[in-house]
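Q: Those letters in the sequence shown? Residues 338 to 618, by my numbering. If you scroll down you'll find the structure; I have some questions about it.
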Amino acid sequence: MLNDAQEDAAQPLSQNKYRINDTENVNSALIVVEHTGDLWTCALRKICLTALWLPLGALIFCYVTASLFQADDIHETHCRVYNVVPSISAITGISPQRYVWRICIAYHLGPRLLIGSLYYNYHRERTVHIKDEQTRIKATKLGNACYWLNLVELFALTGVTYVSNRENYFIHEKIFIVFMVASILHMLCRARIGCIASDVLEPVRTNRLVWSLFFVAIAATVGLIVSFLRHRLLCRPLAFTWFSVCEYILATTNMVFHAIVVRDLPQHEVKVVCPERCKTD
């Protein structure tokens, strides 16, 4: 049991976190306790790294398990030529790997929406400091383009995940093209807005990295298209292998591109806060 002195010492500690609302009726048997202050806090770095590891871990899992136990299914092509590396669509379109991939992508979408909104506000705050009106308008348009391209990319990622090539190849292929175009344009707009008005604003710290990722993505896209045409039109051996290699490079650059927010906003946190409320009659 606590003595009176201990009870008096413990009371302020609990009142720092909770507010007991019993002013209206002190004789009531019910006590309303309202939680005030920070309800939940998490570093933005942890959220972003978790969002990165979900698809990356699922991709590694699907590749390893499919290669070990379902090699004949994932290496089969319409030309029936020799193939070494399966495509992402092949390893994530078979069962049970498809369920692991879809669950991880579902949990990946929430943080990605958050990151897109954070970058939108981040670029908008930078745009305020641009004095030249034409440059400010251009920066605003680039910021809006980044935001909407991020949404299109997310919707395309969702579509290409839940509509597999085995279920509907035609739709899967078209959604994949939209995803590639949106992701590359997103990188380009982010790279451009990161160095705009460099005479007034310091370039974004990850801007060089974004440019590097953009050029790698362009090279991988060219290789992917050439390999795909050689496979579909000429049925060359290992053509689909090179297509798959380029596809993995594109996926990796995309993941890194969306994970570099941890360098642009390294100290930021996500909080759920209950504001102080005054009870009125």
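Note that beta-carbon positions come from the ideal geometry of N, C-alpha and C, so glycine has one too.
Who are the Cβ neighbours of H466 in its own chain at under 7 Å, not counting the five residues just before and after it?
A: V537, L538
Q: Buried or exposed: where does V609 fall if 16 or more other Cβ atoms within 10 Å of its Cβ makes it buried?
A: So V609 counts as exposed.
Q: Using a Cβ distance threshold of 8 Å, determine whether the region 459–473 contacts the region 486–504, with at least three qualifying pairs required.
A: No, the region 459–473 does not touch the region 486–504.
Q: Using C-beta distances below 6 Å, list every residue in its chain close to L389, excluding the 5 sequence neighbours before and after it, in chain order.
A: M592, A596
Q: Helix, strand or coil: which one does DSSP assign to V422?
A: coil
Q: Ignoring anything shorter than 4 residues, give me the alpha helix (DSSP H) runs that lie fully in the region 456–519, in order along the chain.
A: 470–499
Q: Can you tell me which of F516, N458, T414 puts its alpha carbon nearest to the alpha carbon of L571?
A: Checked all of F516, N458, T414; the closest Cα to L571 is T414.
Q: Mapping DSSP to helix, strand and coil, what is L575?
A: coil
Q: Is it buried or exposed for Y419, if we count other Cβ within 10 angstroms and need 16 for buried?
A: exposed
Q: According to DSSP, is V593 helix, strand or coil?
A: helix
Q: Could you please give the first and the last residue of the uninterrupted beta strand (DSSP E) stretch that includes T378?
A: 374–380
Q: Consult DSSP for E606 and reduce its assignment to one of helix, strand or coil.
A: strand
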